[in-house]
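Structure record follows, encoded as structure tokens.
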Amino acid sequence: MPSAPDETALQTRLGELLEQERFAPSVPFAGSALITDESVHAAAAKDPAAWWHEQALQLLDWDVAPQQGLDDSQPPFYKWFADGKLNASAQCLDRHVAAGHGDRVAFHWYGEEGETRDITYAQLLADTQRMANALKARGVKAGDVVGIFLPMIPEVLVAILACARIGAPHNVVFGGFSAESVRERMEVSEAKALITVDGARRKGRTAPVKAAVDEVMGEVGSLETIFVVRHTGIDVAMDPARDVWVHEAMAEADADCPPEAFDAEHPLFILYSSGSTAAPKGIVHTTGGYLTGVAWTHRYVFDLRPEEDVWFCSADVGWITGHSYIVYGPLANGVTSVMYEGAPDYPHKGIWWELCERSGATVFYTAPTAIRACMKWGAEHVKKADLSKLRLLGSVGEPINPKAWLWYWEVVGGGRCPVVDTWWQTETGAIMITTLPGAQDAKPGSAGTPLPGVSAAVVDDAGEELPRGEQGLLTLTQPWPSMLRTLYGDDDRYVSTYWERFGPETYLVGDASRQDEEGYVSIIGRVDDVINVSGHRLSTAEVESALVSHPQVAEAAVIGQADEDTGQSIAAFVTLEGDLHGDDEMVGVLREHVAARIGKLARPKRILWADDLPKTRSGKIMRRLLRDIAEGRALGDVTTLRDPEVMKELEAQVKAAQ
Ligand code: WT7
């Protein structure tokens, strides 16, 4: 076992590395990588749609192979491989079992209390078929939306794949969201069924999930069935007319559910994500293009060989990272994965690394916020584990600052494993910008170049491409197979959010960025009212609307404040009703109120009391000025304010409270 690292030596080494601007693929890695030169970018650029078509035929076993690549006859409503047919669950399961890999472990699952379960491809297929039949027995048909609100347990994979098998788009809600958020998402997607759990474990405690769901779900008229997974064994009330235990329903169900071939453009899932307004956006992904995008990127960005590699993505399945790189990408590629139920610091701060050692993980994918937390906890927690099998590391969710990048490279990767910084979004479905680890140098602070078949441009406000080095708006300038197809039930919002500003051929990302001479893209951050807290996306409007729904709140303005641990954190300026005065107790009350409305992840870290808020003459709150105050900066231009005095008072109020 390696000895505990000398903290000073580590700091000196990180200081040296900070001087280094680029990291070439190490010789042993590049020597055996799946892609070792950059020519693939140029090859794809000749005819991206034709290139993607070729990839789709190679990566997937179609029931009806598509003759068409891209259909761009009605931009921005693009279609891919529209005359092809396939079943997503069969791509993930049946074809691997048929090829003789039924005994291969699909998931090494680790429970919070030390339990282990190895689930093979054959077992996952058997469970998926029974669950699919259980859904059908309750009247769920192709096209019906099914909600899923489950923790990181194997049943969540079965639930997702069973929906895919019968063509019922799933609508997964991250387990950290409140029951109220689940209700809202079930209502707006008109979900016919919900698959949830008796209770969820978190750091040794049990959260009564079913009971919380029961309190709100009565109001959702479309919901006919609630399927309940028995996980913690806590007592739950079951409504005999509506609720059914998953293990009972599966035991009664037929073992065979042959996969039906669906159109490539059949909706695979909806995933709600935050936008500029309080209403979350139901991002719709379809089947053939999405699977092509996730299978390609998972295989080639992470250089994965299904027979040898063990893949560990630390995300939650409730986010797009989990959908694409825990469920669909790895399973489409027939890879063995690790899945962990618990938090990164439970039962101890080295649990991820212990699981890497125990599973023999070779490729690890996590978020910068987690890396920064690990840095804080100290290198000794990492060094206790033997990580010699690791050969590649990935980062996602927010810009990774060079210090965290170097720590990841040095402490986790032992200076041996390439680090890929992957930029993408819920909307893009799959990774768009990064480095191919066997072919391109990594540059800390920059995600990399657009992948083959992807094309990006940094533009000014008028949509003109900017010279290299200048900061502007990131756009994607060609359709790609795994792109969102619309926002559920709201084509207009789809068009106005992404395609109105620069026209139906230029996808507006919502990030500010810069491109260097070599085309490497650095992401600066969001340009809209979206906050990124620990890689989790929240809208200022969503948190504001939760705050003002409290009877004692008159007005609220929410901003994302720079935070060294979580990237950004939520700060809320709150005006209370009448002559009420804010105090610590009220801070607690409002934080809990937001937790109940949205989820704990949306709780403001800071609440600042304000008698009045800075507004323009047209009544728009000037968040830029609030950010200046929260981050303790000199105030920017205040001349456009209706009442410039407001800022002086606010500054005085904030200072007095500190
Ligand atoms: C936003 C999308 C993609 C899965 C997780 C987040 C930010 C994402 C990076 C990166 C800098 C990044 C962007 C983007 N983002 N990856 N590697 N470097 N920023 O998905 O919730 O849809 O959020 O996350 O701002 O627009 P999401």
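Going by the UniProt record's numbering, the letters in the sequence shown line up with residues 1 to 658, in that order.
Glycine included, C-beta positions come from ideal geometry on N, C-alpha and C.
In this text, all values refer to a predicted model and were calculated from it rather than measured experimentally.
Open item on the list: Please state the DSSP three-state secondary structure of D643.
Closed with: coil
- [ ] For S549, I'd like the list of residues in its chain whose CB is within less than 8 Å of its CB, leaving aside the five on either flank, ordered along the chain.
- [x] H593, R597
Open item on the list: Using CA atoms only, rank isn't needed, just tell me which of E470, P437, A571 is closest to F29.
Closed with: P437
- [ ] Please state whether DSSP places I195 in a helix, a strand or coil.
- [x] strand
TODO: Name all residues in chain order for which at least one heavy atom of ligand 1 lies closer than 7 Å to the residue's CB.
DONE: S273, W319, I320, T321, S395, V396, G397, E398, P399, I400, D421, T422, W423, W424, Q425, T426, E427, A447, V509, G510, D511, I523, G525, R526, N532, G535, H536, R537
- [ ] Run the CB neighbour count on L626, radius 10 Å, all protein chains shown included, and call it buried at 16 or more, exposed below.
- [x] buried
- [ ] State the CB to CB distance for the pair V574 and A595, rounded to an integer number of angstroms; the pair is presumed to be in contact (CB under 8 Å).
- [x] 16 Å between Cβ atoms; not a contact.
Open item on the list: Is it buried or exposed, Q11, if we count other Cβ atoms within 10 angstroms and call 16 or more buried?
Closed with: exposed
TODO: Report yes or no: do the segment 448–466 and the segment 244–262 share at least 3 C-beta pairs separated by less than 8 Å?
DONE: no
Open item on the list: Given a cut-off of 9 Å on the beta-carbon distance, is the pair T179 and M217 in contact?
Closed with: Checking the displayed sequence, the identity of residue 179 turns out to be Ala instead of Thr. Yes.
- [ ] Run the CB neighbour count on T287, radius 10 Å, all protein chains shown included, and call it buried at 16 or more, exposed below.
- [x] buried
Task: Validate contact between the segment 336–351 and the segment 377–385 using beta carbons, cut 8 Å, 3 pairs - done: yes
- [ ] Report yes if the C-beta distance between residue 684 and G414 is below 9 Å; otherwise report no.
- [x] Residue 684 falls outside the range modelled here, since the chain spans only 1 to 658, and no answer is possible.
TODO: Determine the burial state of E307: buried for a count of at least 16 other Cβ atoms within 10 Å of its Cβ, exposed for fewer.
DONE: exposed
Open item on the list: Can you give me the C-alpha to C-alpha distance between H108 and K389, rounded to a whole angstrom?
Closed with: 16 Å
TODO: Kindly provide the ranges of any alpha helix (DSSP H) runs that are 4 or more residues long and lie completely inside the segment 571–599, ordered along the chain.
DONE: 584–597
TODO: In angstroms with no decimal places, state the Cα-to-Cα distance between V172 and V146.
DONE: 8 Å
Open item on the list: Does P2 pass the burial test, meaning 16 or more other C-beta atoms within 10 Å, or should it be called exposed?
Closed with: Residue confidence is low: P2 scores 45 on pLDDT, short of 50, so the model does not pin down where it sits. No coordinate-derived value is stated.
Open item on the list: Does Y520 come out as helix, strand or coil in the three-state DSSP assignment?
Closed with: coil
Task: Counted within 10 angstroms of its Cβ, other Cβ atoms place residue 669 as buried (16 or more) or exposed - done: The shown model of the chain, from 1 to 658, leaves out residue 669, and the question about it has no answer.
Task: Chain-order list of residues whose beta-carbon lies under 6 Å from that of V646 (same chain, five-residue window excluded) - done: D612, P614
TODO: Report all residues from its chain with a CB closer than 6 Å to the CB of A49; omit the five preceding and five following residues, and keep chain order.
DONE: G69, L70
Open item on the list: Under 8 Å: do the segment 469–485 and the segment 551–566 share three or more Cβ pairs, one atom per stretch?
Closed with: no
- [ ] Along the alpha helix (DSSP H) that carries W311, what are the first and last residues, could you check?
- [x] W311 -> not in any alpha helix (DSSP H); beta strand (DSSP E) instead, spanning 310–313.
Task: Where the beta strand (DSSP E) containing Q561 begins and where it ends - done: 553–563
Open item on the list: Give me, in chain order, the residues of the same chain whose beta-carbon lies closer than 7 Å to that of W424; leave out the 5 immediate sequence neighbours on both sides.
Closed with: A430, I431, M432
Open item on the list: Please give the ranges of any beta strand (DSSP E) in the segment 160–238, keeping only runs that are unbroken, at least 3 residues long and fully inside the region.
Closed with: 170–172, 193–197, 200–202, 205–207, 225–229
Task: Span of the alpha helix (DSSP H) around A42 - done: 39–46
Task: Backbone secondary structure at R514 - three-state DSSP - done: strand
TODO: Determine the contact status of Q55 and G453, defining contact as a CB-CB distance below 9 Å.
DONE: yes
- [ ] Determine which residues share a DSSP beta bridge with residue 670 and list them.
- [x] The first residue shown for the chain is 1 and the last is 658, placing residue 670 beyond what the model contains.
- [ ] Using the Cα positions of W52 and A45, report the straight-line distance between them to the nearest angstrom.
- [x] 10 Å
Task: Per DSSP, the bridge partner or partners of R117 - done: W109
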